[in-house]
Amino acid sequence: MAKSTLSSQFRGVDIDEYDENKFVDDQEESGELQGPDAAEVDNLIRQWDMTAALHMALKNPPINSKNAAVKEKAQAVVLKVLTNFKSSEIEAAIKSLDKNGVDLLMKYIYKGFEKPSDNSSAVLLQWHEKAFAAGGVGCIMRVLTARKTV
């Protein structure tokens, strides 16, 4: 009996695989550049097609990317779109988004609150008010508990 306790061949399952300290999050890194196309968004802003610019800015978010520069660039593009909106057009733009779009917008709003620039906080508060009216408390909870950030 003493001989069999020294052997680890009796294990059929590798229990070290399930160790909490060795947890690895599934990341799907793609070689392509992630994030919104800044040139296309700028073109739509110049044409005053702000709703299309918002949709383009929220398209292809860098959620799975670990590259901080890509995430900062995407945040800057979305913040530029949000600051160029007129206050009267915000509600209509949010209503044009689906539930996932409102959640993604709220992620960018909270990211903008982390690093405020001149006059961005007032604009982000207006957007937060309208996004909260559309998405409710559930939207905020999904953003605050999400593991993948923008």
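The sequence shown runs 351 to 500 under the working numbering.
C-beta: ideal position from N, C-alpha, C; glycine also.
This one's a predicted model, so the numbers in the text were calculated from it and none came from an experiment.
Using DSSP with H/G/I as helix, E/B as strand and the rest coil, what is residue i?
| i | result |
| --- | --- |
| residue 452 | helix |
| residue 398 | coil |
| residue 414 | coil |
| residue 446 | coil |
| residue 495 | helix |
| residue 488 | helix |
| residue 385 | coil |
| residue 500 | coil |
| residue 362 | coil |
| residue 469 | coil |
| residue 409 | coil |
Tell me which residue opens and which closes the alpha helix (DSSP H) that residue i is part of.
| i | result |
| --- | --- |
| residue 433 | 418-434 |
For residue i, I'd like the list of residues in its chain whose CB is within less than 7 Å of its CB, leaving aside the five on either flank, ordered along the chain.
| i | result |
| --- | --- |
| residue 473 | 432 and 433 |
| residue 415 | 384 and 421 |
| residue 459 | 474, 477, 478 and 481 |
Going by beta carbon distance, what residues of the same chain come within less than 8 Å of residue i, once the five residues before and after it are set aside?
| i | result |
| --- | --- |
| residue 395 | 403, 430, 431 and 434 |
| residue 485 | 449, 452, 453 and 456 |
Contact the region 421-438 vs the region 389-398: 3+ CB pairs below 8 Å: Enough Cβ pairs lie closer than 8 Å, so yes.
Inter-stretch contact at 8 Å, needing at least 3 Cβ pairs: the region 440-448 / the region 464-472: No: the two stretches stay apart, fewer than three of their Cβ pairs being nearer than 8 Å.
Stretch-stretch touch, CB-based, cutoff 8 Å, three pairs: the region 492-500 with the region 448-463: Contact check between the region 492-500 and the region 448-463: three or more CB pairs, one atom from each, fall below 8 Å, which counts as touching.
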